[in-house]
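Written out below as structure tokens is the structure these notes cover.
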Amino acid sequence: MKAHLTRRYMFSASHRLHSDEMSEEENRAIYGKCNNPYGHGHNYMLEVTVSGPVNDDTGMVCSLADLDGFVHKQILEHYDHQNLSMLQEFGRQVPTTENLCIAIYEIVNRGFRKAHLEKVRIEETMMNSFEYSGENGT
Amino acid sequence: MVYLTRKAEFSASHYYHNPKFTPDENARVFGKCNNPNGHGHNYTLEVTVKGAVDPKSGFVVDLKELKDIMSREVLDALDHRFLNKEVPEFYTKIPTTENIAIAIWQRLAPKLTAAQLHRVRVYETPDLFVDVYGDDFYGEA
Chain A
1 MKAHLTRRYM
11 FSASHRLHSD
21 EMSEEENRAI
31 YGKCNNPYGH
41 GHNYMLEVTV
51 SGPVNDDTGM
61 VCSLADLDGF
71 VHKQILEHYD
81 HQNLSMLQEF
91 GRQVPTTENL
101 CIAIYEIVNR
111 GFRKAHLEKV
121 RIEETMMNSF
131 EYSGENGT
Chain B
1001 MVYLTRKAEF
1011 SASHYYHNPK
1021 FTPDENARVF
1031 GKCNNPNGHG
1041 HNYTLEVTVK
1051 GAVDPKSGFV
1061 VDLKELKDIM
1071 SREVLDALDH
1081 RFLNKEVPEF
1091 YTKIPTTENI
1101 AIAIWQRLAP
1111 KLTAAQLHRV
1121 RVYETPDLFV
1131 DVYGDDFYGE
1141 A
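Residue numbers (my numbering), protein chains in the order written: chain A, 1 to 138; chain B, 1001 to 1141.
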């Protein structure tokens, strides 16, 4: 029997949306307030959904301690209270929540082996959210 | 196809324990959840059904009927209960959120005839929830 387990986490970070491939004016036009050179921040709500057969001995898809341990060490310690625009992965990419979603999906998908990663979902604010299920995802 | 979701809440206690494990293993695997006196949660249940909209009623399903089935089949059995001791599914299975979601699916699926069950979601806390879908049963449902 299979189940999908979702865990929610929060982290706070700042960013500035700015693309070197566009002029200052274009950047301002496209990103508006998000292009403020000093950056701005959000409380990001992260949802990680994993799936798999429910283990008969534990009744679980995977140990929550394992999932929490991985996400805390690999994601929250990396992103919480950071300026995303200063991080290596966003040196060439704009730290939109779309790109952040893909970056987090790739880290979990590559490193977490205890269950199958279904989806990463991020709420940037209460009003907008982003989901990524991999290149072949729906 | 339209999807309709109805929410409900129930409060229950449980603990995690596998009689095949040693006390040390139980403590290591289940941590605080292994306390034999149990602990409780306010669970939120979301039941999603799908179907075509009936041209006469404009409904996917009669909400009152869905509500009644959820109350009778799930809430009456689980609300304000010690799951390990009072709900037959959990005499042998550990009442994790995964197994609770599966048990609720199995209770509802045969009773819901007016619409097709699409998803059962159970929140143990706002930060932890489990979904089960029909495809997850590998033909067992």
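Backbone N, C-alpha and C define an ideal beta-carbon position, used for all residues, glycine too.
*asked:* Counting beta carbon pairs with one atom in the region 108-120 of chain A and one in the region 38-45 of chain A, are three or more of them shorter than 8 Å?
replied: Result no; under three Cβ-Cβ pairs closer than 8 Å.
*Mind listing the chain A neighbours of I1104(B)? Cutoff is C-beta to C-beta under 9 Å, in chain order.*
Simply none; closest approach about 11 Å.
*Please name the residues in the region 1008-1023 of chain B whose beta-carbon is closer than 8 Å to at least one beta-carbon of chain A, in chain order.*
In summary, the residues of the region 1008-1023 of chain B whose CB is separated from some CB of chain A by less than 8 Å are Y1016, N1018, K1020, F1021, in the order they occur in the chain.
*Excluding the 5 residues preceding and the 5 following V94(A) in the sequence, name in chain order all residues of the same chain whose CB lies nearer than 6 Å to its CB.*
Cβ-Cβ distances below 6 Å link V94(A) to L17, S19 in the same chain, with the five nearest sequence neighbours on each side left out; the list follows chain order.
_Give me the residue from L1117(B), R1107(B), V1002(B), T1097(B) with the minimum Cα distance to T1044(B)._
The shortest Cα separation from T1044(B) among L1117(B), R1107(B), V1002(B), T1097(B) belongs to T1097(B).
_If we require 3 or more residues per run, which beta strand (DSSP E) segments fall completely within the region 1028-1102 of chain B?_
Those beta strand (DSSP E) runs which fall completely within the region 1028-1102 of chain B and span 3+ residues are 1039-1051.
_Candidates Y1015(B), L1004(B), V1087(B), of which the one nearest A1052(B) by Cα_ = Check the Cα spacing between A1052(B) and each of Y1015(B), L1004(B), V1087(B): the tightest is with L1004(B).
_Rounded to the nearest angstrom, what separates Q82(A) and E89(A) at their Cα positions?_
In a straight line, the C-alpha of Q82(A) is about 13 Å away from that of E89(A).
_Rounded separation between L1066(B) and C34(A) - CA only_ = Distance between the alpha carbons of L1066(B) and C34(A) is about 45 Å.
*Cβ of D57(A) within 8 Å of any chain B Cβ*: Cβ-Cβ to chain B under 8 Å: yes for D57(A).
*Are the Cβ atoms of V50(A) and E118(A) separated by less than 8 Å?*
Their beta carbons are under 8 Å apart, which means V50(A) touches E118(A) by this criterion.
*Please confirm if H72(A) has its CB atom under 8 Å from at least one CB of chain B.*
It does not: the Cβ of H72(A) has no partner Cβ on chain B nearer than 8 Å.
*Should F11(A) and L76(A) be called a contact, given that it needs their Cβ atoms to be closer than 8 Å?*
Closer than 8 Å, so yes.
*For R1006(B), the first and last residue of its enclosing alpha helix (DSSP H)*: First-last for R1006(B): 1002-1014, but that is the beta strand (DSSP E), not the alpha helix (DSSP H).
*asked:* Within 8 Å, do at least three Cβ pairs link the region 1022-1031 of chain B to the region 1062-1078 of chain B?
replied: No, the region 1062-1078 of chain B is not in contact with the region 1022-1031 of chain B.
*Using a Cβ-Cβ cut-off of less than 7 Å, give me the residues of the region 2-13 of chain A that come near chain B, in sequence order.*
Cβ contacts with chain B come from K2, A3, H4, L5, T6, R7, R8.
*asked:* Please report the distance separating the alpha-carbon of Y1091(B) from that of N1084(B).
replied: Looking at the backbone, the Cα of Y1091(B) and that of N1084(B) are separated by about 6 Å.
*Got a sec: is the Cβ-Cβ distance from M126(A) to anything in chain B below 8 Å?*
Judged by the 8 Å Cβ criterion, M126(A) is not in contact with chain B.
*Could you confirm whether any beta carbon from chain B is found closer than 8 Å to the beta carbon of V61(A)?*
V61(A) counts as touching chain B.
*Of all the alpha helix (DSSP H) runs that stay within the bounds of the region 20-80 of chain A, which reach a length of 4 or more residues?*
Positions of the alpha helix (DSSP H) runs, each at least 4 residues long and wholly inside the region 20-80 of chain A, are given as 24-31, 64-70 in order along the chain.
_Through-space distance from T58(A) to K2(A), alpha-carbon basis_ = Their backbone Cα atoms lie some 14 Å apart in a straight line.
*asked:* Using C-beta distances below 8 Å, list every residue in its chain close to D1127(B), excluding the 5 sequence neighbours before and after it, in chain order.
replied: Hits under 8 Å: none found.
*Enclosing beta strand (DSSP E) for L100(A) [first to last residue]*: For L100(A), there is no enclosing beta strand (DSSP E); the residue is found in the alpha helix (DSSP H) stretching over 97-111.
*Can you tell me which of F1129(B), V1061(B), V1074(B) puts its alpha carbon nearest to the alpha carbon of M1001(B)?*
Answer by Cα proximity: V1061(B).
*Report, in whole angstroms, the separation of the C-beta atoms of V61(A) and Y9(A), which I expect to be a contact under 8 Å.*
V61(A) to Y9(A), Cβ: 17 Å. No contact.
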